[in-house]
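For reference, the structure discussed in these notes is given below.
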Amino acid sequence: MDYLVSRELNGLYIVIDIIFLLFLGFLLLKFKKRLTFLFGLSGAFIYFLVDYGIFYMLLGTREVVGANTFWFLLWLSVSYGFTNFVWIWLFLNRDKRILEWSLLIVIGWVAVALLSQSFGSTFPLIQISRGTGSYHGVMALILFIGYAIVIVKNIKSNDSERLPVLKMLMIGILVQFSWEAVLLLSGIRPNGWNPIIINSLLETNLGIPYLYFIHKYITKKHQEDLSKSSI
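Take the sequence shown: its position 214, counted from the start at 1, is 224 in our numbering, and no numbers get skipped.
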């Protein structure tokens, strides 16, 4: 099934969002969440590789009107790649302040969206869109493989060795659903429930099983402040 995923935002959104990203990064470093910070940067790189390299350059499904495609997609990738991966890592860490970090990210998204909608009328308007038919099937396959590995391992394992599959699903769906909902309710994403439902089930969620194993491997070797783990 193919449908158009689009957004319409103004230049003020980018300005405010960069300020929010700098603030979030500052807090992570201040509270010695260095591993989380680096994981967020890796998310920004991966999102840019996918959005610009695959969606735009390879498949030609991404379109940007009103801004330079390279720089706009670089910002967009850093914006959601960084915040999404930071939030996922904090969940996987079972961070004691996960409620506070979660509220900070979601309220930040809401504030950026609504402030730009209220005060950005004099800023340039930017429209972006992408089709989904050429890649959602591949995404579904990646999703299936990741969760199939987890499911088969759980079937074979004792109760004490089971992987937290429900927690993985919760993280994968919640992270994507949260910012999709903000975009929809603020009017940046045109009305339509296909993106918020299908994207929330698929796009971020497909990577969670793999990120779980990556997180487990890295945290065996390093602590949050980047010192070597004593485990």
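Every residue, glycine too, gets a C-beta built ideally from N, C-alpha and C.
Predicted model only: the values in this text are computed from it and were never measured.
Helix, strand or coil for S52, going by three-state DSSP, please let me know. helix
Under 8 Å between the Cβ atoms of P200 and N20? no
By the 10 Å Cβ neighbour count, where 16 or more other Cβ atoms means buried, how is I26 classified, buried or exposed? buried
Count the other C-beta atoms from every protein chain shown that fall within 10 angstroms of the C-beta of I181, then say buried if there are 16 or more, exposed otherwise. buried
Taking the straight line between their C-alpha atoms, what separation do you get for H146 and S87? 19 Å
To the nearest angstrom, how far is the alpha carbon of D61 from that of Q127? 24 Å
Using DSSP with H/G/I as helix, E/B as strand and the rest coil, what is L109? helix
Should W85 and I24 be called a contact, given that it needs their Cβ atoms to be closer than 8 Å? yes
For the putative contact between G35 and F47, defined by C-beta atoms under 8 Å, what is the C-beta separation to the nearest angstrom? 6 Å
Supposed close pair V116, S52 - CB separation, criterion 8 Å: The Cβ separation is near 22 Å, so there is no contact.
Limits of the alpha helix (DSSP H) - the one that E190 falls within: V175 to S196
Taking the alpha helix (DSSP H) that S25 falls in, what are its first and last residues? Before going on, a small fix: residue 25 reads as Val here, not Ser. From DSSP, the alpha helix (DSSP H) with V25 extends over G21 to K40.
According to DSSP, what are the bridge partners of R72? R140
Since S210 and Q233 should fall inside the 8 Å C-beta cutoff, what is the C-beta to C-beta distance between them, to a whole number of angstroms? Actually they do not touch by this definition, with Cβ atoms about 32 Å apart.
By DSSP's criteria, R17 is part of a beta bridge. Which residues make up the other side? I138
Identify, in the order they occur along the chain, each residue of the same chain with its Cβ nearer than 6 Å to the Cβ of E73, setting aside the five sequence neighbours on each side. S139
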